[in-house]
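Student: Under my numbering, the very last position in the sequence shown is 578; numbers go up by exactly one each time.
Note that CB positions come from ideal geometry on N, CA and C, so glycine has one too.
Got a structure for you, questions after.
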Amino acid sequence: MIRPLPAPRSLTGELVARLAEDITSGKIAPGSQLPTEQELIAATGVSRTVVREAVAALRAEGLVITRQGVGAFVPENARRPLR
Numbered sequence: 496m497i498r499p500l501p502a503p504r505s506l507t508g509e510l511v512a513r514l515a516e517d518i519t520s521g522k523i524a525p526g527s528q529l530p531t532e533q534e535l536i537a538a539t540g541v542s543r544t545v546v547r548e549a550v551a552a553l554r555a556e557g558l559v560i561t562r563q564g565v566g567a568f569v570p571e572n573a574r575r576p577l578r
């Protein structure tokens, strides 16, 4: 029997998943600053829009806080909410 294929994940979704894993595993420690937009663009090969959407999604999940003109940081109490 042919099974349906899983829906492809968007570039934003892939970046969110990768960064969320780095945060929740401790690879990016609480209190640390995320790489800059330009660093993420260079490292991943995605557009600035994708990076901004990913950071916004992480902020909505409580995994990062942002400060305008400064960057995105992992809060001390960063944890992924239950879905």
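(1) If we count the other Cβ atoms within 10 Å of its Cβ and call it buried at 16 or more, is Leu500 buried or exposed?
(2) Would you say Thr561 lies against chain B (beta-carbon separation less than 9 Å)?
(3) Which of the three DSSP states, helix, strand or coil, is assigned to Ser505?
(4) For Ser505, tell me which candidate among Gly566, Thr544 and Arg554 has the shortest Cα-Cα distance.
(5) Which ranges does the alpha helix (DSSP H) cover as unbroken runs of at least 4 residues, wholly within the stretch 519-546, from first to last along the chain?
(6) With DSSP as the reference, label Ile562 as helix, strand or coil.
(7) I'd like to confirm the pairing. Which residues does DSSP put opposite Ala555 in its beta bridges?
(8) Hey, Leu529 and Phe568 are a contact pair by Cβ (cut 8 Å); roughly how many whole angstroms apart?
Tutor: For this structure:
(1) exposed
(2) You won't find chain B in this structure, because it holds only one protein chain.
(3) coil
(4) Thr544
(5) 532-539
(6) The sequence shown places Arg at residue 562, not Ile. Arg562: strand per DSSP, three-state reduction.
(7) None; Ala555 has no bridge partner.
(8) 7 Å
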